[in-house]
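Here the structure is laid out as structure tokens; the discussion comes afterwards.
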Amino acid sequence: MSGCSSGGPHEIECRQIAELLGDYLDGTLPSGTRDLIDFHIDGCPPCVAFINTYRGTVDATRKLADVPIPSELKKRLLAVLKSDQAPNKQR
Ligand SMILES: [Zn+2]
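Each number in the numbering used here corresponds to the 1-based position in the sequence shown with 4 added.
What follows is the structure, given as structure tokens:
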């Protein structure tokens, strides 16, 4: 917090932010690394914008994954259910 001439011994670059971002958002990074990224983002608007974009992409992907059951999976599920029920019906 004492000026911007030094990033400290653990200075982290925008490139590294980009590489670590997936893990950062997943919460799988060690807390020390997270702190470094938080610290960097604090003083780096381009990285904030980048993360917001990345988050939007991830959110969209997760929403897509949440909603529909793939029709192939549905078919296999139905096939399993049918093959289970068939013997019962025959009794
Ligand atoms: Zn940056």
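Even glycine gets a Cβ: it sits at the ideal position worked out from N, Cα and C.
Rounded to a whole number of angstroms, what is the C-alpha to C-alpha distance between residue i and residue j?
{"i": "C51", "j": "K67", "result": "24 Å"}
{"i": "C18", "j": "E76", "result": "41 Å"}
{"i": "D63", "j": "E23", "result": "18 Å"}
{"i": "Y58", "j": "K78", "result": "31 Å"}
{"i": "I55", "j": "F43", "result": "14 Å"}
{"i": "G31", "j": "T65", "result": "17 Å"}
{"i": "G60", "j": "A53", "result": "11 Å"}
The alpha helix (DSSP H) with residue i in it runs from where to where?
{"i": "C48", "result": "Premise fails: C48 is in no alpha helix (DSSP H) and is neither H nor E."}
{"i": "E23", "result": "18–30"}
Which same chain residues, not among the five before or five after residue i, have their C-beta less than 7 Å away from its C-beta?
{"i": "I41", "result": "I16, I21, L24, Y28"}
_Pocket of ligand 1 defined by Cβ to heavy atom distance under 6 Å_ = C18, I21, H44, C48, P50, C51
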